[in-house]
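In my numbering, the protein residues as written are 1 to 332.
Just so it is clear, CB atoms sit at the ideal spot from N, CA and C, and this is done for glycine as well.
Report on the structure given below.
Written out as structure tokens, the structure is:
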């Protein structure tokens, strides 16, 4: 039961999702706190929700060692429910590092996967999203890891965003085949011979266009790109606001006329719309939600978890990784 707005917003989002879908939600955390939030969100107790007690919490100050030592933390207990088959998936807006570490420890990795990856859906011009991965689960990655990210990203795009035969590209300093490092060229060689719809390299300025459906990079580059994009979006919003406030009456009237457009744009880039992302590569559904998730974001994250389960995302990744491993062995 983590997140900046927990437990009230988390429980409210869970209750809303349970009411909308009729699916049972297990609320993991300190019983008294969860019960109080549940009484506020669902006084009549009509939503199919059940409290699962967990006596420990994980804070952002906790080290990896202390995270692993807390055997009754809400994150570990929740992930264990997935491992034991009591839950189809796990969703948390809490400590991202803890969710990733414990998902790997408790659920284990899919056969053939060396490292899990975090995808980041980037809204783009037109419709849909460009999936960037890895977005920060791994600081450095070898060619075999990037190959696995490509397979997992393609399966994520098709399962969650219903993209048919997603186009996969490598993030590089140029679109030409000769550009990039030796490692990237090796990855490109294998992907070109695989069943993945590989379209070559792409540059950073195409991330928010329809150039590719999935863009693969290591976690260091991916996280930097993601933070730059977030910062730029906030800066542009602030600049527009400053110009409107400091401008003439015509500026204000123009801003009022554009309000519906701004609202529509805000919805497209609102993280609450996508809710959360599954940690790809682990043997179970474990969804990482934004730390500031409100009820809407939690509801969306639960929808993502349900989609991942219904589309057998874990099994799809397993099959794709096996095919990719065979391709690489054949080319060695």
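Rounded to the nearest angstrom, what separates residue i and residue j at their Cα positions?
i, j, result
"residue 159", "residue 153", "10 Å"
"residue 151", "residue 117", "11 Å"
"residue 191", "residue 319", "16 Å"
"residue 201", "residue 235", "28 Å"
"residue 204", "residue 308", "28 Å"
"residue 21", "residue 302", "11 Å"
"residue 63", "residue 249", "54 Å"
"residue 97", "residue 238", "30 Å"
"residue 325", "residue 115", "14 Å"
"residue 212", "residue 199", "8 Å"
"residue 305", "residue 278", "7 Å"
"residue 69", "residue 128", "41 Å"
Hey, could you find the ends of the beta strand (DSSP E) residue i is sitting in?
i, result
"residue 333", "Nothing about residue 333 can be reported from this structure: the residues present for the chain run from 1 to 332 only."
"residue 50", "49-53"
"residue 350", "Summary: the structure shown does not reach residue 350, with the chain confined to residues 1 through 332, and so no result is reported for it."
Can you find the residues in the same chain that come closer than 7 Å, C-beta to C-beta, to residue i, ignoring five residues on each side of it along the sequence?
i, result
"residue 37", "7, 8, 11"
"residue 352", "Not covered by the structure: residue 352. The range shown for the chain is 1 to 332."
"residue 155", "313, 316, 317, 320"
"residue 337", "It is not possible to answer for residue 337, since the shown part of the chain is limited to 1 through 332."
"residue 195", "323"
"residue 165", "197"
"residue 187", "143, 146, 147, 170"
"residue 193", "327, 331"
"residue 398", "The chain is shown only over 1 to 332; residue 398 falls outside these bounds and no answer can be derived."
Starting from residue i and walking both ways along the alpha helix (DSSP H), at which residues does that stretch end?
i, result
"residue 249", "249-257"
"residue 31", "31-41"
"residue 294", "Segment: none, residue 294 is in no alpha helix (DSSP H) and carries neither H nor E."
Any C-beta of chain B sitting closer than 7 Å to the C-beta of residue i?
i, result
"residue 211", "Chain labels in this structure do not include chain B; a single protein chain is all it has."
Am I right that residue i and residue j are in contact with their C-beta atoms under 8 Å? What's the rounded C-beta distance?
i, j, result
"residue 83", "residue 48", "Incorrect: roughly 22 Å between the Cβ atoms, too far for contact."
"residue 76", "residue 102", "5 Å"
"residue 99", "residue 281", "Not quite, the Cβ-Cβ distance comes to about 13 Å (not below 8 Å), so this is no contact."
"residue 88", "residue 285", "6 Å"
"residue 133", "residue 120", "7 Å"
"residue 275", "residue 297", "5 Å"
"residue 42", "residue 15", "5 Å"
"residue 52", "residue 81", "7 Å"
"residue 215", "residue 226", "With a Cβ gap of about 11 Å, residue 215 and residue 226 do not count as contacting."
"residue 209", "residue 267", "At roughly 20 Å, the Cβ-Cβ gap does not stay under 8 Å, so residue 209 and residue 267 are not in contact."
Excluding five sequence neighbours on each side, which residues of the same chain lie with their C-beta closer than 8 Å to the C-beta of residue i?
i, result
"residue 71", "56"
"residue 18", "24, 25, 47, 48, 49"
"residue 333", "For the chain, the structure presents residues 1 to 332; residue 333 sits outside this window and is missing."
"residue 60", "95"
For the region 79-95 against the region 261-274, do three or more pairs of beta-carbon atoms, one drawn from each stretch, fall closer than 8 Å, so that the two count as touching? no
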